[in-house]
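Asks: Protein chains in written order, with our numbering: chain C, 1 to 135; chain E, 136 to 427. Where is the CB? At the ideal position from N, CA and C, for every residue including glycine. Note that the structure is a prediction, hence the values are computed from the model and not measured.
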Amino acid sequence: MKIDLSQKKVKDAFVEKVQEISGQNLMACYQCGKCSAGCPAVGQMDILPNQIIRLAQLGLKDRLLESGAIWICESCMMCNTRCPKGIDIAEVIETLRLILLRKRIDHVQIENLTEEERSTVPAIALVSNFRKFTS
Amino acid sequence: MKISYYPGCTLKSSAKNFEDSTLFSLQQLGVEVEELPRWNCCGTVFSLATDDLFHHVAPIRNLLRAKEQNSGELMTLCSMCYNTLKRANERVKRDPESLDKINKFMDNERIDYEGDVRVVHLLELLRDDMNFDMLRQHVVKPLRNLRVASYYGCLLVRPRGIGLDDAENPTVLENCVSAIGAEPVDFPYKNECCAAYQTVDKPDIVADRAFQILTSAQSLGADVVVVSCPLCAFNLDHRQKETIRKYPEFKHIPILYFTQLLALALGSSEKELRLDLHYADPKPLLSERGFI
Numbered sequence: 001m002k003i004d005l006s007q008k009k010v011k012d013a014f015v016e017k018v019q020e021i022s023g024q025n026l027m028a029c030y031q032c033g034k035c036s037a038g039c040p041a042v043g044q045m046d047i048l049p050n051q052i053i054r055l056a057q058l059g060l061k062d063r064l065l066e067s068g069a070i071w072i073c074e075s076c077m078m079c080n081t082r083c084p085k086g087i088d089i090a091e092v093i094e095t096l097r098l099i100l101l102r103k104r105i106d107h108v109q110i111e112n113l114t115e116e117e118r119s120t121v122p123a124i125a126l127v128s129n130f131r132k133f134t135s
Numbered sequence: 136m137k138i139s140y141y142p143g144c145t146l147k148s149s150a151k152n153f154e155d156s157t158l159f160s161l162q163q164l165g166v167e168v169e170e171l172p173r174w175n176c177c178g179t180v181f182s183l184a185t186d187d188l189f190h191h192v193a194p195i196r197n198l199l200r201a202k203e204q205n206s207g208e209l210m211t212l213c214s215m216c217y218n219t220l221k222r223a224n225e226r227v228k229r230d231p232e233s234l235d236k237i238n239k240f241m242d243n244e245r246i247d248y249e250g251d252v253r254v255v256h257l258l259e260l261l262r263d264d265m266n267f268d269m270l271r272q273h274v275v276k277p278l279r280n281l282r283v284a285s286y287y288g289c290l291l292v293r294p295r296g297i298g299l300d301d302a303e304n305p306t307v308l309e310n311c312v313s314a315i316g317a318e319p320v321d322f323p324y325k326n327e328c329c330a331a332y333q334t335v336d337k338p339d340i341v342a343d344r345a346f347q348i349l350t351s352a353q354s355l356g357a358d359v360v361v362v363s364c365p366l367c368a369f370n371l372d373h374r375q376k377e378t379i380r381k382y383p384e385f386k387h388i389p390i391l392y393f394t395q396l397l398a399l400a401l402g403s404s405e406k407e408l409r410l411d412l413h414y415a416d417p418k419p420l421l422s423e424r425g426f427i
C-alpha cells in the first residue's frame, strides 16, 4: 500500500481537530503496541489501535475515516488502562466516529433493523448502540 | 440504613431478575431502598468527547433527583448506569464551568446540582458500607460446592479512578461469592469485554466473544457465571443461542446476576429469582444442588 506522507498533512487541521475533540496528545505515542495487544476486538479490525494512532499523527484522514475498525471498537477502555503514555485511545477512536456522525453519516441505519432484531435485544443495547453509531 | 436507588431502563424489563433479587437481598440485610420517584435514562454510555456537554445532562439530571430526595448517595446496580452516572459526576465536579452550563440548561429544575451526590454501586455498599463478614452472618443457605466464575466486563472496573476495584485483577465479586458460601473460580477472561452494543448490528462478534469467555470459565470448572450488567447478561446468556449455532461443540452454562445467588443464600424463594427471564436455564443445576 502506498502511503503519501507530507508536512502538509501532518500540519493539517484534521490532526488538531482530533486532538481537540479527544483531549489527547497524539504525539505522545511511541508505538509500543500495548493497546493492540490488550484489545479484545483486534480480530475483526482492519487497522489496529496503535496503527490508528500512528495514522492520526500523520494526518492520514481518509484511511482512518474509511476504516471498519473505528466501528468495531466498543469503548471497553482496555487500551486506555494499559497505555504507558497515558493516551486515551478509546477517546481518539470515538472522535473519529464523531467526525463522521456529525456529518450525519450513520453507521447503523435504525430503519433497516428488522422487527425481530429490535425486539430481541434489551433497551440498554439499543440505547448504547444508537448513541455510538448514529447521529 | 436507607439509600436512594436508580434502576435505569433495563432493570424494569429484561433485567427484572436483577432488580427483584437485589430488593429482596437488601430487605434481608436491613437496608431500606427508596427508588427515585422520577428518573430518566442515563444515556448508557459516557460521551468520550471533550465538546459534548449535552450528553451529560441526562446523568446529571438523575443526580439532581437524588438531591431532591435529600440523599447524598445514589445506588445503582447496572454497570453501565454506574459508569455513566459516576463519570458525568466526576466530570462536572472537576469542571465547574460545565456544571454551570448544565444547570443553566436545566432551567426547569427547582434547584441546581452542585456535584454533591455520591454514586455507589451495590457491590461497594456490600463491601465498604457493610463488609462481607457481616454479609456472611446473614447467610441462611450457604451455596456449598457451587463453583462460580465472576465476570466483571468493562465498565464496573474501567477506567481507573472510576471503576470500583482494581482494573486488571478485580476481586470484589469473588469475595462476595465466598461470603455466601460458594466457591469462586478465577478465570482469565473476567474483565474482557463481551462486545457490548455490537449485539444489535453485529451479533456474530458477540457469539465469538461469548464462546471465548464462557469456554474459558467452563474449562476451569465453573458451574455458573455471575454478572452485574444487563448487557453482559444478554450477551453471555441469550446470545448462547447464536454461539451454539456457530460453535456446535459449545455447551450451555447458566448466567446469573450475582444478586440472584445472594438472594438464594439469604433465603429467597424461586419467585424473587425470576428464572423465566433466562435463556440457559439455571433451574436444573440449582435444583440438583438443592438450592431451590
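With a cut-off of 8 angstroms, do at least 3 Cβ pairs link the region 405-418 of chain E to the region 293-306 of chain E?
Replies: no
Asks: If we call anything under 7 angstroms between Cβ atoms a contact, is Leu96(C) one with Ile72(C)?
Replies: Cβ distance not < 7 angstroms, so Leu96(C) and Ile72(C) don't count as in contact.
Asks: Measure the CB-CB distance between Lys85(C) and Ala37(C) and report whether it falls below 7 angstroms.
Replies: no
Asks: Based on the DSSP output, what are the partners of Lys137(E) in its beta bridges?
Replies: Assignment of beta-bridge partners to Lys137(E) by DSSP yields Glu167(E).
Asks: Would Lys17(C) be called buried (16 or more neighbouring beta carbons within 10 Å of its own) or exposed?
Replies: exposed
Asks: Just to make sure I have the definition right: I need the residues of chain E whose C-beta is within less than 7 angstroms of the C-beta of Val18(C). Which are they?
Replies: Neighbours of Val18(C) on chain E: none; closest Cβ ~11 angstroms, over 7 angstroms.
Asks: From the DSSP output, in three-state form, read off Met77(C) for me.
Replies: coil
Asks: So for Tyr286(E), helix, strand or coil by DSSP?
Replies: coil
Asks: What is the DSSP secondary structure of Leu55(C), counted as helix, strand or coil?
Replies: helix
Asks: Quick one: list the residues of chain E neighbouring Thr95(C), beta-carbon separation under 7 angstroms, in chain order.
Replies: Residues of chain E with a Cβ closer than 7 angstroms to the Cβ of Thr95(C) are, in chain order, Ala184.
Asks: Taking the straight line between their C-alpha atoms, what separation do you get for Glu225(E) and Cys364(E)?
Replies: 21 angstroms
Asks: Buried or exposed for Ser148(E), going by 16 or more other Cβ atoms inside 10 Å?
Replies: It counts as exposed.
Asks: Comparing the C-beta of Ser128(C) with each C-beta of chain E, is any distance below 7 angstroms?
Replies: Cβ-Cβ to chain E under 7 angstroms: yes for Ser128(C).
Asks: Would you call the region 331-339 of chain E and the region 303-320 of chain E in contact, with 3 or more CB pairs under 8 angstroms?
Replies: Cβ pair count under 8 angstroms is below three, so no.
Asks: Closer than 8 angstroms, Cβ to Cβ, to anything on chain C: give me those residues from the region 150-172 of chain E, in chain order.
Replies: Ala150
Asks: What are the uninterrupted segments assigned as alpha helix (DSSP H) that are 4 or more residues long and contained completely in the region 233-314 of chain E, given in chain order?
Replies: 267-273 and 307-314
Asks: Using only alpha-carbon positions, find the residue among Thr211(E), Thr334(E), Ser403(E) and Arg282(E) that is nearest to Val361(E).
Replies: Arg282(E)
Asks: Quick one: does Ile21(C) have its CB under 7 angstroms from some CB of chain E?
Replies: yes
Asks: What whole-angstrom Cβ distance do Lys228(E) and Gly207(E) have, given they're in contact under 8 angstroms?
Replies: Between Gly207(E) and Lys228(E) the Cβ distance is about 14 angstroms, and since that is not below 8 angstroms, they are no contact.
Asks: Give every residue of the same chain whose Cβ lies closer than 6 angstroms to the Cβ of Tyr287(E), excluding the five residues on either side of it in the sequence, and list them in chain order.
Replies: Pro305, Lys325 and Asn326
Asks: Is the CB-CB distance between Ser139(E) and Thr394(E) below 7 angstroms?
Replies: no
Asks: Using only CA atoms, which one of Met77(C), Asp62(C) and Gly23(C) lies nearest to Pro49(C)?
Replies: The closest CA to that of Pro49(C), considering only Met77(C), Asp62(C) and Gly23(C), is found on Met77(C).
Asks: Return helix, strand or coil for Tyr217(E), following the three-state DSSP convention.
Replies: helix
Asks: Of the residues Phe153(E), Cys289(E), Ala342(E) and Lys376(E), which one's Cα is nearest the Cα of Thr211(E)?
Replies: Phe153(E)
Asks: If the cut is a Cβ gap below 8 angstroms, which residues of chain C does Thr211(E) touch?
Replies: By Cβ distance, chain C contributes nothing, its closest Cβ being about 13 angstroms from Thr211(E), past 8 angstroms.
Asks: Going by alpha carbons, who is nearest to Asp411(E) out of Lys151(E), Phe181(E), Asp301(E) and Met241(E)?
Replies: Lys151(E)
Asks: Under a Cβ-count criterion, where at least 16 other Cβ atoms within 10 Å of its own Cβ denotes burial, should Gly178(E) be classed as buried or exposed?
Replies: buried
Asks: Using a Cβ-Cβ cut-off of 7 angstroms, state whether Glu423(E) counts as contacting chain C.
Replies: No, Glu423(E) does not count as interfacial toward chain C.
Asks: Check whether the region 189-201 of chain E and the region 165-173 of chain E are in contact - that is, three or more C-beta pairs closer than 8 angstroms.
Replies: yes
Asks: Quick check on Glu94(C): buried or exposed, where buried means 16 or more other Cβ atoms within 10 Å of its Cβ?
Replies: Buried, because 16 or more other Cβ atoms sit within 10 Å of the Cβ of Glu94(C).
Asks: Going straight from the alpha carbon of Met136(E) to that of Leu164(E), what length do you get?
Replies: 9 angstroms
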